[in-house]
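Residue numbers (our numbering): 809 to 917.
C-beta atoms are modelled at their ideal positions from N, C-alpha and C, and glycine is treated no differently.
This report refers to the structure that appears directly beneath it.
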């Protein structure tokens, strides 16, 4: 977000984020963004939507990067890949459980 000549991100202006840093001065915090997308392999036109549909969760460290680099594909990483049918049948918690465990582990080390 740009205000005049000042460039900032949502992390810098978020009260919760600021309190987290103040309350834990000896910890290093690396903000990240997780996002999800469904796509279908072998079918660029989508005529048989759902046959080979995959879901992907990506992680981006964009809050840490200068704005000109934040949306570059080199700075977006695949965190989780799964069959979309499994997510539809069993829900987000089953799909994302291992990813959440890994993120929690990284936060405590």
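Beta carbon of residue i nearer than 8 Å to that of residue j
| i | j | result |
| --- | --- | --- |
| residue 838 | residue 869 | yes |
| residue 862 | residue 889 | yes |
Helix, strand or coil at residue i [DSSP, three-state]
| i | result |
| --- | --- |
| residue 916 | helix |
| residue 824 | helix |
| residue 759 | This structure does not reach residue 759, given that the chain is present from 809 up to 917, and the question cannot be answered. |
| residue 832 | coil |
Cβ neighbours of residue i in the same chain (closer than 8 Å, five flanking residues each side left out)
| i | result |
| --- | --- |
| residue 866 | 842, 843, 844, 845, 884, 885, 886, 887 |
| residue 904 | 865, 888 |
| residue 850 | 860 |
| residue 892 | 846, 858, 861, 862, 863 |
Cβ-based neighbour list, residue i, same chain, cut-off 6 Å, excluding 5 preceding and 5 following
| i | result |
| --- | --- |
| residue 896 | none |
| residue 901 | none |
Residues of its chain near residue i, where Cβ-Cβ distance is below 7 Å and the 5 sequence neighbours each way are ignored
| i | result |
| --- | --- |
| residue 829 | 837 |
- Query: Counting only runs that start and end within the region 841–911, where is the beta strand (DSSP E) found for 3 or more residues in a row?
  - Reply: Runs of the beta strand (DSSP E) lying entirely within the region 841–911, each at least 3 residues long, are 841–848, 861–868, 884–891 in chain order.
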